[in-house]
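K.L.:
Residue numbers for the sequence shown, in numbering that gives the first Met the number 0: 0 to 143. Cβ coordinates follow ideal geometry from the N, Cα and C atoms, glycine included. Right, I'll just put the structure down here and ask away after.
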Amino acid sequence: MKLFKNFTWKNYAWLGIGLACIVAVLIFFPIDRGLYGTDMHFNDFSQFTLIFLLSAGALAILQAFLPLPFLSIAPSILIGCGVGSHLYIACYPLADITEPVAFFTNDVDRAHEMVNLFITFLVIFALLGILTIVLNFLSPKKKA
């Protein structure tokens with residue numbers, strides 16, 4: 000296609016990271032809200048994770064099609080903010096697992112499920128963040 004004619008491997012990487020970021024957060028958010036929305040006794044700020052990572056994905060896709068030098072740092076910053084907010088909400092069920100009393104969630108078994116979900120997506124979001132940081136330091140010399 001003409002649209003991808005002048006793409007380097009770095010453009011494809013930005014496009015892949017942007018799409019992966021959007022898909023991952025759109026998988027996480029309905030699971031979080033649908034399964035665990037009523038089981039939490041803490042402020043679930045996962046909508047901030049959604050906003051940060053959707054914005055980062057959109058900017059990474061924009062970086063793939065319009066490679067501006069100052070735009071490449073924005074997805075890294077937004078993914079970092081999303082990982083931070085996601086880590087913040089993951090601490091509450093982790094506290095319930097380490098203590099015998101379920102304080103932040105209704106029961107400890109649900110807390111284990113929540114921790115598995117939060118940690119799985121935390122690793123995915125952190126890997127995407129690391130990839131964006133690495134991409135900022137690599138030069139696109141070769142065409143794909």
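1. Evaluate S138 with the Cβ neighbour count: other Cβ atoms within 10 Å of its Cβ, from every protein chain shown; 16 or more gives buried, anything less gives exposed.
2. Any idea if V82 is buried or exposed, counting beta-carbon neighbours within 10 angstroms, 16 or more meaning buried?
3. D108 lies in the alpha helix (DSSP H); which residues open and close that run?
4. Given this structure, state the Cα-to-Cα distance separating V150 from P68, to the nearest angstrom.
5. If you draw a straight line from the C-alpha of I30 to the C-alpha of E112, how long is it?
6. Would the region 43–63 count as touching the region 12–21 if we require 3 or more Cβ pairs under 8 Å?
7. Could you check the C-alpha separation between L77 and W8 for me, to the nearest Å?
8. Smallest Cα separation from T104: which of A12, N5, L34?
9. Terminal residues of the continuous alpha helix (DSSP H) containing S71?
10. For my contact list, F124 and I88 are in at a C-beta cut-off of 8 Å; report their separation, rounded to the angstrom.
11. Would you please state the rounded distance, in angstroms, between the beta carbons of N135 and S75? I believe it to be under 8 Å.
12. I'd like to check one pair, L61 with V24: are the Cβ atoms closer than 7 Å?
13. Which term fits D95, buried or exposed, when burial requires 16 or more other beta carbons within 10 angstroms of its beta carbon?
14. CA-CA distance, I26 and D106?
P.N.:
Checking against the coordinates, here is how it stands:
1. So S138 counts as exposed.
2. Classification for V82: buried.
3. 107–136 is the span of the alpha helix (DSSP H), which, as asked, contains D108.
4. For residue 150 there is no data in the structure shown, the boundaries of the chain being 0 and 143.
5. Roughly 11 Å separates the two Cα atoms.
6. Yes: the two stretches touch, three or more of their Cβ pairs being nearer than 8 Å.
7. If you take the alpha carbons of L77 and W8, they lie about 22 Å apart.
8. Minimum Cα distance to T104 is reached at L34.
9. Counting along the chain, S71 falls outside any alpha helix (DSSP H), and DSSP gives it neither H nor E.
10. About 12 Å separates the two Cβ atoms, so there is no contact after all.
11. Between S75 and N135 the Cβ distance is about 6 Å, and since that is below 8 Å, they are a contact.
12. In this structure, L61 does not lie closer than 7 Å to V24 by Cβ.
13. So D95 ends up on the buried side.
14. If I take the Cα positions, the gap works out to 24 Å.
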